[in-house]
Amino acid sequence: MSSEPAIVFEGVVKRFGPRRVLDGLALSVAKGELFVIIGPSGTGKSVTLKLASGQLFPTAGTVRLLGEDLGALGSRALAKLRRRVGYLFQSGALLGWKTLAENVALPLAERDRLPPAQVEGRVRAALAEVGLADAGDLYPAEVSGGMVKRAAFARAIIEDPEVLFFDEPTSGLDPVMARTVDNLIAQVGRARGATCVVVTHDLAGALRYADRIGFLKDGRFLQVAAPDAILHTPVPEVRAFLEAQRVEHRP
Ligand SMILES: Nc1ncnc2c1ncn2[C@@H]1O[C@H](COP(=O)(O)OP(=O)(O)OP(=O)(O)O)[C@@H](O)[C@H]1O
Ligand SMILES: [Mg+2]
Numbered sequence: 723m724s725s726e727p728a729i730v731f732e733g734v735v736k737r738f739g740p741r742r743v744l745d746g747l748a749l750s751v752a753k754g755e756l757f758v759i760i761g762p763s764g765t766g767k768s769v770t771l772k773l774a775s776g777q778l779f780p781t782a783g784t785v786r787l788l789g790e791d792l793g794a795l796g797s798r799a800l801a802k803l804r805r806r807v808g809y810l811f812q813s814g815a816l817l818g819w820k821t822l823a824e825n826v827a828l829p830l831a832e833r834d835r836l837p838p839a840q841v842e843g844r845v846r847a848a849l850a851e852v853g854l855a856d857a858g859d860l861y862p863a864e865v866s867g868g869m870v871k872r873a874a875f876a877r878a879i880i881e882d883p884e885v886l887f888f889d890e891p892t893s894g895l896d897p898v899m900a901r902t903v904d905n906l907i908a909q910v911g912r913a914r915g916a917t918c919v920v921v922t923h924d925l926a927g928a929l930r931y932a933d934r935i936g937f938l939k940d941g942r943f944l945q946v947a948a949p950d951a952i953l954h955t956p957v958p959e960v961r962a963f964l965e966a967q968r969v970e971h972r973p
């Protein structure tokens, strides 16, 4: 059914041993939506992305991705579904023994068996998009943290996935490069119609491109709303978070 949301969480509980990280989380992200998750450190934002992408599974409740109940899929069906998904890890997570270009090419090499010339062309275009046109032959150890992050971004989008998860895509980037990456997120969301879920501390960026923002704390969303409503939030915890970042409403 095409009207079904891209992502649905119902009553999701996630425990690690005695620690209950998510406590009955509900979430619905529409197809093509740009959804941003904010909230304090250690509150379960990365865990939420991993649940949404089938890297972790809930202790209770259900997670649906592109119409499939992730908990009910066998490993082969799950692997197939994951091909429709791109993921930028918080750490970047590049392979240290491969060049940036080889890292960016990984999803293509693994899945599509494209001719090398085509792979090279797509990798070059993706690297150029993130401002790394001349860095493809370097190894992760030879470049800055921001460059690792941007290469990981190129790798996440290279297959034109239907759903994209970005975990802190702009942390460690200078303000100009952060703006470039924000624009890329907006562009893959808007121009390519991908569903994007972004975890970020960069609220100013999120306010520019998000359709909705969810504030996660104590295992649940305290507020889910459009950027403007978040700016005028009546929720004290969200207010405090905005004030700490000095994000002010400009009429
Ligand atoms: N695999 C795991 N095993 C045990 N505990 C975990 C695991 N993954 C996450 N946690 C715990 O779950 C909680 C939430 O972690 P998570 O990484 O989602 O936080 P976060 O909101 O992304 O924080 P940050 O903003 O610092 O990245 C933390 O207390 C963390 O220690
Ligand atoms: Mg995190």
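723 is the number of the first residue of the sequence shown in our numbering; add one for each residue after it.
Ideal Cβ placement from N, Cα and C applies to all residues, glycine included.
Counting C-beta neighbours from all protein chains within 10 Å, is the total for residue i 16 or more, i.e. buried, or is it exposed?
i     : result
K765  : Lys is not the amino acid found at residue 765; the sequence shown has Thr there. By the 10 Å Cβ count, T765 comes out buried.
D844  : What sits at residue 844 in the sequence shown is Arg, not Asp. Looking at its Cβ environment, which holds 16 or more other Cβ atoms inside 10 Å, R844 is buried.
P838  : exposed
R877  : buried
F887  : buried
L906  : buried
L849  : buried
K767  : buried
E726  : exposed
A774  : buried
L1001 : The question about residue 1001 has no answer here: the residues shown for the chain are numbered 723 through 973.
F738  : exposed
A948  : exposed
M723  : Any answer about M723 is weak, because its pLDDT of 47 lies below 50 and its placement is not dependable; what the coordinates show is given next. Classification for M723: exposed.
A913  : exposed
G915  : exposed
Between the Cα of residue i and those of the options, spot the shortest distance and give me the residue it belongs to.
i    : options                : result
R934 : I760, R914, P740       : I760
R786 : V960, D896, I729       : I729
A799 : Y809, G808, L788       : L788
M869 : R805, A752, N825       : N825
L744 : F731, L849, A908       : F731
D950 : R930, L803, A801       : R930
Q967 : A948, A928, P956       : A928
F963 : V735, S763, V885       : S763
G814 : V865, K802, G783       : V865
E842 : A823, F779, E851, P829 : A823
D904 : V758, G754, A948       : V758
E884 : A873, G911, R872       : G911
L792 : F738, G754, V734, T955 : V734
M899 : A873, K736, K820, G739 : A873
G783 : K736, Y861, E851       : K736
R742 : Q777, T781, L756, S797 : T781
D976 : P897, Q909, D896       : Shown here, the chain extends from 723 to 973; a query on residue 976 therefore has no answer.
F875 : L860, G853, E959       : G853
A863 : E965, I880, W819       : W819
K772 : G754, Q812, E755       : Q812
A926 : I952, L860, T770       : I952
A855 : H954, T821, R806, R804 : T821
Hey, quick one: how far does the alpha helix (DSSP H) through residue i stretch, first residue to last?
i    : result
T922 : Where T922 is concerned, there is no enclosing alpha helix (DSSP H), given that its DSSP letter is neither H nor E.
R877 : 867-879
D950 : 949-953
A913 : Per DSSP, A913 belongs to no alpha helix (DSSP H) and is neither H nor E.
For residue i and chain C, any beta-carbon pair shorter than 8 angstroms?
i    : result
A900 : Considering every chain present, this structure includes no chain C. It has just one protein chain.
Which residue comes first and which comes last in the beta strand (DSSP E) that contains residue i?
i    : result
E732 : 729-738
V993 : No information on residue 993 is available, as it lies outside the stretch 723 to 973 that the chain covers here.
L854 : Where L854 is concerned, there is no enclosing beta strand (DSSP E), given that its DSSP letter is neither H nor E.
S725 : Taken as a continuous stretch (DSSP letters only), S725 belongs to no beta strand (DSSP E), as it is neither H nor E.
K939 : 934-939
L746 : Leu is not the amino acid found at residue 746; the sequence shown has Gly there. 741-751 is the extent of the beta strand (DSSP E) around G746.
L692 : With the chain covering 723 to 973 only, the question about residue 692 has no answer from this structure.
* **Contact between the segment 935-943 and the segment 732-751 (3+ Cβ pairs under 8 angstroms)** => Contact between the segment 935-943 and the segment 732-751 is present, because at least three Cβ pairs lie under 8 angstroms.
* To do: Could you name each continuous alpha helix (DSSP H) segment of 4 residues or more that falls completely within the segment 763-850, going from the start of the chain to the end?
  => 767-774, 797-804, 822-833
* **Three CB pairs or more closer than 8 angstroms across the segment 909-927 and the segment 885-899** => yes
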